[in-house]
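S.K.:
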Amino acid sequence: MNIYQKLSIVQSQLKAPKVQYNKFGNFKYRSLEDIMESVKPLLAQHNLSLILSDTVKQTGDRFYIEAKATLINTEKTDETVSTTAVAREALSKKGMDESQITGAASSYARKYCMNGLFNIDDTKDADAQQPVNNKPLTKNNRASQVNINNNPAHSRGLDSSQLQWLSDYCKRKGYTDSRTKKEFMDFYKFSPRTTSPEEFNEIQKKIEADEKMVAEIF
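Counting from 1, position 37 in the sequence shown corresponds to residue 37 in the UniProt record's numbering; the numbering is continuous, with no gaps.
1. Taking Cβ to Cβ, would you say T74 is nearer than 8 Å to N47?
2. Taking the CB atoms as reference points, tell me whether S8 and I65 lie closer together than 8 Å.
3. Give me the residue from T59, V86, Y21, L117 with the minimum Cα distance to L14.
4. For V56, name the three-state secondary structure that DSSP assigns.
5. Just grab the DSSP bridge partners of T80 for me.
6. How far does the beta strand (DSSP E) with F118 in it extend, from its first residue to its last?
7. Please go through the same chain and pick out, in chain order, the residues whose beta-carbon is closer than 7 Å to the beta-carbon of V56, but skip the five residues on each side of it.
8. Around the Cβ of S196, are there at least 16 other Cβ atoms within 10 angstroms (buried) or fewer (exposed)?
The following block contains the structure:
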């Protein structure tokens, strides 16, 4: 069999149930280790080898980990299939040093490499646990957001409840110095003084969705 025939069989045979539970996001998930534990016997059975590797890339002042999963047919070593996935390193993570932050980004990227290579459906993972009204920007709701941004009738500056949420969030995430706070606000493109409450509602949803998405790897 060629590598694509073998891969198709592995994809159909692979069972990687979600046995982990994230208390923060209230959802079940599978870790990279869970996937590896399930796939290794199938790789051996079908004479396949898997290599995972990482490349660090910098865009501006942010670092990204590009993970690559390469499947090799050990009976015909010139036959390979590869997938890649990218994860951005967090600005900071309370209780974690820089090497741990990089390792967490690597684990996240590698997991989604495996998802792509072995056709693992993660639609009910963290990404699907967002509130119903937390929709990705489509053509229609992007236009709606632009209308809000350009409407001078909306007041500028966050309201008191939003300021309190922002203060609590920064403390919890360890964004306690001016540099990390600025990087955080620059990344999500907002300012407590000039962003309207309506605009920040959308930004807050994005922040919370991003946090849920990465929570499973910590």
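Using N, Cα and C, we set each Cβ at its ideal position, and we do this for glycine too.
M.R.: Inspection of the coordinates gives the following:
1. Going by C-beta atoms, T74 is nearer than 8 Å to N47.
2. Taking C-beta atoms as the reference points, S8 and I65 fail to come closer than 8 Å.
3. Scanning T59, V86, Y21, L117 for the CA closest to the CA of L14 turns up L117.
4. Under the three-state reduction of DSSP output, V56 falls in the strand class.
5. The partner list for T80 (beta bridge, DSSP) reads I72.
6. Note, F118: premise wrong, no beta strand (DSSP E); not H, not E.
7. Result list for V56: F63, I65, in chain order.
8. S196 should be labelled buried.
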